[in-house]
Amino acid sequence: MVTEISLSDVRGLIGMETGLSDWVTVDQTMIDAFASATDDHQFIHVDPERAAAESPFGGTIAHGFLTLSLLSTMNYNCLPKVREQTLGINYGFDRVRFMAPVKSGARVRGRFLLSEARFRGAGMLMTTYDVTIEIENEKKPALTAKWITIIQFDPKDRPEDV
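The sequence shown begins at 1 in full-length UniProt numbering and counts up one residue at a time.
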């Protein structure tokens with residue numbers, strides 16, 4: 001896997017899978033920490049006994065937003081770094097869908113397909129990734145989304161052919 005690319009290489013990757021992250025274990029400690037950070041203490045996330053008895057999941061599950069937020073670490077783990085980048089900006093998401101619950105103890109990984117890259121202004125490149133978070137040994141993914149980011153760079157580094 002390529003670990004570093006130049007700005008002039010990015011557009012050639014459109015339509016290609018550009019990263020597959022390592023597996024990340026989503027354990028109860030991570031779920032509890034997220035619950036504390038977001039003040040979302042619904043029993044299906046933080047009470048293993050009650051979740052086993054009263055939910056259709058057989059135990060606790062990760063918050064959907066926790067699963068979504070793991071894309072940041074997955075991104076750093078597997079996507080090639082752009083040599084000229086001075087700053088990365090999370091622009092947002094389109095069509096986020098939570099497809100399947102992530103049970104406590106499950107392992108997940110991110111799959112990234114670059115679907116669009118276009119230069120904006122003198123020093124920005126907007127990229128859109130079709131992302132999927134897969135659950136180990138499950139057919140259905142945890143989530144799918146379109147993730148839009150901005151790569152900021154010094155305008156003097158902008159490729160001449162764009």
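Every residue, glycine too, gets a C-beta built ideally from N, C-alpha and C.
- Going by DSSP, ASP9 is part of no beta strand (DSSP E) but of the alpha helix (DSSP H) stretching over 7 to 10.
- Judged by beta-carbon spacing, LYS103 lies beyond the 8 Å limit of ILE133, meaning their Cβ atoms are not closer than that value.
- Note that the C-beta distance between VAL108 and THR67 is below 8 Å.
- The three-state secondary structure of THR3, taken from DSSP, is coil.
- About 5 Å separates the CB atoms of MET99 and LYS140; that is less than 8 Å, so the two are in contact.
- Straight through space, the alpha carbons of PRO155 and GLY59 are spaced by roughly 51 Å.
- If you draw a straight line from the Cα of VAL10 to the Cα of LEU70, it comes to about 23 Å.
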